[in-house]
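Here the sequence shown is numbered in full-length UniProt numbering, starting from 1 and rising by one per residue.
Heads up, the thing below is written out as structure tokens.
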Amino acid sequence: MQIIHFPLSRANYKTHASLTVYLQTPTPRSPIQEFPALIILPGGSMTHITTEESEKTAIAFASRGFQTMILRYSFVDEHEPLYPYPLFDLALAMAAVKNHQSAWHLSDQTFLLGLSAGGHISALFNDYWSSSWLNDQTGVASKILQPTAIVLGYPVIDLNAGFPKEAQTLKRWTDDPKRYNASQHVNANNRPTFIWATMDDPFVPVQNSINYSLTLKQHDIQQEVHLFAHGPHGMDIANALVAHHPDGDQPHVAHWVDLACEWLQTID
Numbered sequence: 001m002q003i004i005h006f007p008l009s010r011a012n013y014k015t016h017a018s019l020t021v022y023l024q025t026p027t028p029r030s031p032i033q034e035f036p037a038l039i040i041l042p043g044g045s046m047t048h049i050t051t052e053e054s055e056k057t058a059i060a061f062a063s064r065g066f067q068t069m070i071l072r073y074s075f076v077d078e079h080e081p082l083y084p085y086p087l088f089d090l091a092l093a094m095a096a097v098k099n100h101q102s103a104w105h106l107s108d109q110t111f112l113l114g115l116s117a118g119g120h121i122s123a124l125f126n127d128y129w130s131s132s133w134l135n136d137q138t139g140v141a142s143k144i145l146q147p148t149a150i151v152l153g154y155p156v157i158d159l160n161a162g163f164p165k166e167a168q169t170l171k172r173w174t175d176d177p178k179r180y181n182a183s184q185h186v187n188a189n190n191r192p193t194f195i196w197a198t199m200d201d202p203f204v205p206v207q208n209s210i211n212y213s214l215t216l217k218q219h220d221i222q223q224e225v226h227l228f229a230h231g232p233h234g235m236d237i238a239n240a241l242v243a244h245h246p247d248g249d250q251p252h253v254a255h256w257v258d259l260a261c262e263w264l265q266t267i268d
């Protein structure tokens with residue numbers, strides 16, 4: 001496996017955002033010659049990303065047949081208010097994937113995996129990828145921005161649903177909260193969505209996931225939802241390797257990885 005650091009800054013858009021690509025290179029005898037791309041958007045409250053845990057997540061999905069990459073998106077100390085810059089970063093990441101399809105041994109499928117705050121970016125991108133304003137702002141065509149499907153883990157969805165908790169934090173995220181309530185902008189172009197969360201998440205209330213699922217249902221968007229009874233926030237792949245919480249090693253919750261992979265295999 002080769003690890004590639006790919007900056008996303010352009011002449012007309014300066015950003016600290018980058019992709020870290022965990023590149024699997026098939027040999028002529030390899031049974032798989034092309035891999036679906038999986039862009040991982042970690043959590044971190046928009047102040048950082050959880051790099052160590054995200055690497056374990058990337059490797060877990062790489063072992064299940066994905067070409068994985070971690071998006072380091074813009075943070076609140078780089079733009080204030082932060083939004084819409086993380087959406088621009090993800091748009092450039094999608095373009096990079098398309099432009100390197102051959103070099104990175106990629107199939108024509110591109111999936112998103114957003115966790116916590118990264119789930120907020122992913123859910124919003126699911127809402128807005130087909131919008132003219134995102135195309136106009138990034139110069140990336142909607143056919144390139146379109147993800148095959150998205151996976152959301154314990155996501156922030158609506159900015160009035162329990163996170164961010166402080167008004168000052170919300171102000172640093174956006175000066176237009178309604179525009180970035182992801183459940184309010186679902187439309188017929190949203191892509192199939194897999195959601196998982198825990199019922200007793202003390203940090204990002206499970207109501208966020210429920211709100212998004214209900215709105216997807218109203219628009220007849222294909223989805224699968226798993227709400228586990230117990231688990232702290234920020235579990236990633238929910239095993240001992242990433243258990244930075246005392247209660248973070250949850251074998252039952254860890255099934256979400258295989259459940260998501262099985263579901264993604266059903267998506268055309």
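Even for Gly, the Cβ is constructed at its ideal location relative to N, Cα and C.
For Tyr-128, the three-state secondary structure derived from DSSP is helix.
DSSP places Glu-55 in no beta strand (DSSP E) but in the uninterrupted alpha helix (DSSP H) bounded by 51-62.
The shortest C-alpha to C-alpha distance from Pro-86 to any of Lys-98, Leu-71, Val-97 and His-226 is the one to Leu-71. The bridge partners DSSP lists for Gly-114 are Leu-41 and Leu-152. In the three-state scheme derived from DSSP, where H, G and I count as helix and E and B as strand, Leu-214 is classed as helix. Residue environment analysis places Trp-173 among the buried positions, since at least 16 neighbouring C-beta atoms fall within 10 angstroms of its C-beta. DSSP places Leu-92 outside any beta strand (DSSP E); the residue lies instead in the alpha helix (DSSP H), whose first and last residues are 85-99.
DSSP places Tyr-180 within a helical segment (H, G or I) once states are collapsed to three. Residues of the same chain with their beta carbon placed closer than 6 Å to that of Ile-210 are lacking, with the five preceding and five following residues left out of the count. Residue environment for Trp-256: buried (at least 16 other C-beta atoms within 10 angstroms of its C-beta). Judged by DSSP secondary structure, Trp-263 falls within the alpha helix (DSSP H) whose first and last residues are 256-264. Comparing alpha carbon positions, the residue from Ala-62, Leu-264, Ile-121 and Gly-44 closest to Val-21 is Ala-62. Going by DSSP, Arg-172 is part of the alpha helix (DSSP H) stretching over 167-173. Asp-201 and Phe-228 have their alpha carbons spaced roughly 10 Å apart.
Shown here, Gln-137 sits in a helix according to DSSP, grouped into three states. Within 10 angstroms of the beta-carbon of Gln-2 lie fewer than 16 other beta-carbons, which makes it exposed. When Cβ pairs closer than 8 Å are counted between the two stretches, the segment 97-110 is seen not to touch the segment 183-202, the count staying below three. Check the Cα spacing between Glu-53 and each of Asn-12, Ala-240, Phe-194 and Asp-247: the tightest is with Ala-240. With fewer than 16 other Cβ atoms inside 10 Å of its own Cβ, Ala-167 counts as exposed.
Residue environment for Leu-90: buried (at least 16 other C-beta atoms within 10 angstroms of its C-beta).
For Ile-4, the enclosing beta strand (DSSP E) has its first and last residue at 2-7. In this chain, the beta strand (DSSP E) harbouring Ser-18 covers 18-23. Taking one beta carbon from each stretch, the segment 212-228 and the segment 32-39 have fewer than 3 pairs nearer than 8 Å; the two do not touch. Exposure of Leu-214 is indicated by the presence of fewer than 16 other C-beta atoms within 10 angstroms of its C-beta.
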